[in-house]
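Protein sequences, first through last, are from chains A and B.
Following the numbering used here, the numbering of the first sequence begins with 164 at its first residue and continues without gaps.
Following the numbering used here, the numbering of the second sequence begins with 340 at its first residue and continues without gaps.
Just so you know, even glycine gets a beta-carbon here, dropped at the ideal spot from N, CA and C.
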Amino acid sequence: MARAFQDAVTRLGIERRVSLRISGCHGFCQAEPNVLVLPEGTFYANLRPEDVSEVVEAVVSGDVVQRLLFRDPRTDRSYRQWNEIPFFQSQVLRVLSLSPWVDPMSIDDYIAVGGYAGLAKAVSEMGPEGVLAEVQGSGLRGRGGAGFPTGKKWSFCSDAVADEKYVVCNADEGDPGAYMDRSVLEGNPHLVLEGMAIGGYAIGAGQGFVYVRDEYPLAVRHLEGAVRQAYERGLLGENILGTGFTFHMQVVRGAGAFVCGEETALMASIEGRRGMPRQRPPFPAQSGLWGRPTNINNVETWANVPAIVARGADWFAEVGTESSRGTKIFSLVGKVNNTGLVEVPMGMPLSEVVEIGGGVPEGKSCKAVQTGGPSGGCIPASLLDLPVDYERLAEAGSIMGSGGLVVMDEDTCMVDVARYFLEFLRDESCGKCLPCRVGIPRMLEILERIVSGQGQEDDLDRLETLGGTVQANSLCGLGQTAPNPVLSTLRHFREEYLAHIRDQACPARVCPSLIRYEVDPELCRGCDACRRACPQDAILGTLGEAPYRIREHLCVRCGACLRACRFEAISVLSGRVAEGATDE
Amino acid sequence: MLSERDWANSVEPAELNQIVEARGANRSSLIGILQDVQRKWGWISPAAMAQIANRLQLSLVEPYSVATFYSSLRLDPPAEHEISVCMGTACHVRGAPQLLDEFQRQLGAEADETSSDGRFSLRTVRCLGCCALGPVVVVDGRYRGPVSPDEVVDTVSELEGKEG
């Protein structure tokens, strides 16, 4: 697409009138690939290469290509300006606000929109104490999980006495379903570097590390490019802006271990060792990387810092709630029409955030929203009016986490979701402490029994007891929060567990052992498509002789017949295949 | 003992030395060195391990202890075709398990194994961060999504037809 635009601009010879910027993500993933025409603000959605010439010609002549504007599928209304689109209208863009204006590979773009002004103000006017006071006054809390007050964390590290201190950016965004940190790093890497340099200045650290997930190669590339440019401009390195402040930066790639999102594991990994957490205290602020005081914040936290310093704590605290200030970026994914990243004020009701996503596809209803990744929980639709801040989510049995919101509909099985997360955590547990290493697999075994129809009612009590033990006794956050997906679904969706156990049925028709397929004799035309698609030879019938029949004892519920049937004659029923079913 | 083949087909000592020099021959460079070696040769061979341990003055068990901990580091040569199925939450609720089942059926290989003919390796990954495309499959480095089980069948037959 980018190449097509470049070609069109060159072909028309309008390089001087139209400049093409490969910008960071606009957040509206559902409408990608998309293009924003500035200064007009015209937004073209879901473009194809063959549309490009028409768009470029319209830009030059001042016209608008009506057919390529974003059209809301629910109202059929189309929007010319990007900020009129409902998806953008309810957002308060702060961290993400600059991404459309900046080529992530250009430090000049970033400086042109006010970048590094925060760092300049910090080192030339405010002094370390001034910066600390501003960040503390803003009420900013960690955006990566637990929500610890950022200014307080900084002051611990600032108070520690040592010959060398470090700041670290945790960009090991491991929660499945969360990708705001990837977007910030790819779209505006200088924002994070500037935040870290300010933090390093406030704390007295001379070296920063960004620890990036291995699965994000583009983020690594953009970060490394940004670090190089910042060094060239004297915004990193020795004697920054002539103030005597020295700050170096290194980008470290992770190697695919979820547990490295835990801060002590992350530091072990930077030191070149297995990423296994250790006991705290001592906290990193006292003894971190190579035994020196270290301050770790996540990407979105660092990205909030430059504006707090440049515009002040009061500006930052204008939005949000009393205890949770500022904005939060959420990734709206799963069963939602408009997948994408949204930045909203803290305290917005969860239902409104989901509404930005344009509702659930195919007219189905939202059953639950999963927040906080494997450490979080599932919040039922009946509780969606709760405002998103750290405390309210915790009360509902979940956590803010890094901001992944996975929308689930009536076709999502909550027992299966709980089983999914436990399987994830079993694989990712580092194995150091017993409650996590042994407790998670035991919980998973119980859930596997339940989804295969072997569960007993007292299994649910056993899950709760075991979950409590793992929570209370695990060494690090991974284990301490691992039972959350199970416990929260048990709390809010107990009847779904009971259906699996008592009725031997999966109400959402997901768990293969507790569903069965059936051919509707009225609808079957005997076309033979299903029989040919079946990998198990589990369908009986002769071409032209409807109805066909499913040999339930051979069927593995793979769905091949379902997709092959053109007459919607095959349906999935909740409930297991009768014991001892045969062809008779 | 390592077979002659292991030593021979895996690593150029001079090039590996360059990688170590560029990163710095110290403990904290270990993961970066292993990543660079893998990028260059596709895997980390026993010969490479031995040389890395030697250069960093570590016992051989140390680089192995690190390499086996991290899922992106590989101690087996790559197959001809690499298929990764994203098992993130968003992909999961949109049908990733069915895709994995279909790949397993089509390739005759279990997850995180290589097919018996050695041509395909089927891997699972934990969220690639492109949830809007889910369910996502990466075939030989190319991201595809959303993918349906029928496309799995097409993909496999397409790749099987291709000569390495």
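Asked: Can you pull the chain B neighbours of Tyr207 (chain A), defined as C-beta to C-beta under 9 angstroms?; Found: None at all; the shortest Cβ gap to chain B is about 18 angstroms.
Asked: Thr575 (chain A) versus chain B: which residues are under 8 angstroms apart at the beta carbon?; Found: Val432
Asked: State yes or no: is the beta carbon of Cys825 (chain A) nearer than 9 angstroms to at least one beta carbon in chain B?; Found: Past the boundaries of the shown model lies residue 825 (chain A); chain A is included only from 164 to 747, so the question cannot be answered.
Asked: Is it true that the CB of Ile678 (chain A) sits closer than 9 angstroms to the CB of Ile613 (chain A)?; Found: no
Asked: Which of helix, strand or coil does DSSP assign to Ile459 (chain A)?; Found: strand
Asked: Answer with yes or no whether the minimum CB distance from Ser112 (chain A) to chain B is below 9 angstroms.; Found: Residue 112 (chain A) cannot be examined here, being either before or after the span of chain A that is shown, 164 to 747.
Asked: Should Leu706 (chain A) be labelled buried (16 or more other beta-carbon atoms within 10 Å of its own) or exposed?; Found: exposed
Asked: Cα-Cα, which of A:Gly190, A:Gly225 and A:Ala470 is closest to Gly350 (chain A)?; Found: A:Gly190
Asked: DSSP three-state call for His411 (chain A): helix, strand or coil?; Found: strand
Asked: Report the rounded CA-to-CA distance for Gln169 (chain A) versus Asp271 (chain A), giving the unit in angstroms.; Found: 20 angstroms
Asked: Are the stretch 492 to 505 of chain A and the stretch 185 to 199 of chain A touching by the rule of at least three beta carbon pairs closer than 8 angstroms?; Found: yes
Asked: Output the residue ranges of the alpha helix (DSSP H) runs that lie fully inside the stretch 307 to 369 of chain A and measure 4 residues or longer, sorted by chain position.; Found: 313 to 322, 343 to 350 and 352 to 366
Asked: Assign Leu341 (chain B) to one of three DSSP states: helix, strand, or coil.; Found: The predicted position of Leu341 (chain B) is uncertain, since its pLDDT is 48 and thus under 50; a value taken from the coordinates is nonetheless stated next. DSSP places Leu341 (chain B) in coil when its eight states are reduced to three.
Asked: Mind the definition here: the stretch 366 to 375 of chain B touches the stretch 400 to 407 of chain B only if three or more C-beta pairs lie below 8 angstroms; say whether that holds.; Found: yes
Asked: Which one of A:Leu201, A:Glu203, A:Cys697 and A:Asp214 has the shortest CA to CA distance from Arg166 (chain A)?; Found: A:Asp214
Asked: Taking Cβ positions only, does Gly567 (chain A) come closer than 9 angstroms to chain B?; Found: yes
Asked: Can you give me the start and stop residues for the beta strand (DSSP E) that Ile422 (chain B) sits inside?; Found: His420 to Cys425
Asked: Strictly by DSSP, which residues pair up with Tyr571 (chain A)?; Found: It is worth fixing the name first, because residue 571 (chain A) is Met in this sequence and not Tyr. A:Ala531.
Asked: Considering Ile713 (chain A), what are the terminal residues of the beta strand (DSSP E) in which it resides?; Found: Glu708 to Ile713
Asked: Taking 8 angstroms as the limit between beta carbons, can you name the residues of its chain near Val649 (chain A), skipping five residues before and five after?; Found: Ala581, Phe584, Leu585, Met606, Leu610, Leu626 and Gly630
Asked: Thinking C-beta only, is Cys469 (chain B) closer than 9 angstroms to Gly484 (chain B)?; Found: yes
Asked: Hey, Leu369 (chain B) and Leu399 (chain B): beta-carbon distance below 9 angstroms or not?; Found: no
Asked: State yes or no: is the beta carbon of Gly371 (chain B) nearer than 9 angstroms to at least one beta carbon in chain A?; Found: yes
Asked: Measure from the C-beta of Phe408 (chain B) to each C-beta in chain A and report whether the shortest distance is under 9 angstroms.; Found: yes
Asked: Using beta-carbon positions only, say whether Ala341 (chain A) and Ser494 (chain A) come within less than 9 angstroms of one another.; Found: yes
Asked: If we call anything under 9 angstroms between Cβ atoms a contact, is Cys425 (chain B) one with Val477 (chain B)?; Found: yes
Asked: Any beta carbon from chain D within less than 9 angstroms of Asn393 (chain B)'s own beta carbon?; Found: The structure shown contains no chain D; the protein chains it does contain are A and B.
Asked: Can you name the residues that DSSP bridges to Arg416 (chain A)?; Found: A:Val375
Asked: Would you call the stretch 266 to 282 of chain A and the stretch 208 to 225 of chain A in contact, with 3 or more CB pairs under 8 angstroms?; Found: no
Asked: Rounded to whole angstroms, what is the Cα-Cα separation between Val172 (chain A) and Val468 (chain A)?; Found: 38 angstroms
Asked: Just the chain A side, please: which residues come within less than 9 angstroms of Gln374 (chain B) by C-beta, in chain order?; Found: Asp377, Arg416 and Ala418
Asked: Once you ignore the five residues that flank Arg362 (chain B) on each side, which residues in its own chain have a CB closer than 8 angstroms to its CB?; Found: Ser368, Gly371, Ile372 and Asp375
Asked: Applying the criterion that 16 or more other CB atoms from any shown protein chain within 10 Å of the CB defines a buried residue, is Lys527 (chain A) buried or exposed?; Found: exposed
Asked: Indicate whether the contact test is met: 3 or more Cβ pairs, each with one atom in the stretch 368 to 387 of chain A and one in the stretch 407 to 420 of chain A, closer than 8 angstroms.; Found: yes
Asked: Quick one, which of A:Cys674, A:Gly522, A:Glu591 and A:Val551 has its alpha-carbon nearest Asp572 (chain A)'s?; Found: A:Gly522
Asked: Gln533 (chain A): which of A:Ser545, A:Leu546, A:Ile519 and A:Val569 sits nearest, CA to CA?; Found: A:Val569
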